[in-house]
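Peer 1: Have a look at the structure that comes next, please.
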Amino acid sequence: TDADPSFPLVKFVDDNLHRLANLPMLICWGRHDFVFDLDYYREWQRRFPNAEAHLFASAGHYLLEDEPVAVTRTIQKFLIQNPLG
């Protein structure tokens with residue numbers, strides 16, 4: 022609620038997140054994340070329909086610990102296909 026000290030920041034981010042929609046974007050998500058569940062994943066996909074999204078079936082909240090090789094390969098491939106600058 023707006024009574025929370027961090028509410029203005031969270032609201033600002035939510036209101037301005039759409040500004041990232043035209044940038045190359047990679048979404049990596051753990052299927053079994055107990056904090057940011059599939060509802061969050063689907064919301065990111067809704068907000069960023071052009072993003073490349075990967076759902077790692079055997080991973081949870083600690084995605085990089087659960088699937089370090091697969092996530093690293095996914096990121097490397099994305100960066101090669103979408104070079105910075």
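The sequence shown begins at 22 in our numbering and counts up one residue at a time.
Beta carbons: idealized from backbone N, C-alpha and C, even for Gly.
If you count every other CB in all the chains shown that lies within 10 Å of the CB of F69, and 16 or more means buried, which is it?
Peer 2: Answer is buried; the Cβ neighbour count reaches 16.
Peer 1: Report the start-end ranges of each alpha helix (DSSP H) in the region 39-73 that is 4 residues or longer and not cut off at the edges.
Peer 2: For the region 39-73, whole alpha helix (DSSP H) runs of length 4 or above, ordered along the chain, are 59-68.
Peer 1: Quick check on this structure: which residue in L47, F99, P104 has the alpha carbon closest to the alpha carbon of Q66?
Peer 2: Of the candidates L47, F99, P104, the one whose C-alpha sits nearest the C-alpha of Q66 is L47.
Peer 1: Per DSSP, F77 forms a beta bridge with which residues?
Peer 2: In the DSSP output, where bridge partners are listed per residue, F77 has G51.
Peer 1: From what residue to what residue does the alpha helix (DSSP H) around E88 run?
Peer 2: Element bounds for E88: n/a, residue is neither H nor E.
Peer 1: Relative to the C-alpha of G51, which candidate in A42, L41, P104, Y62 has its C-alpha closest?
Peer 2: For the residues A42, L41, P104, Y62, the minimum Cα distance to G51 belongs to Y62.
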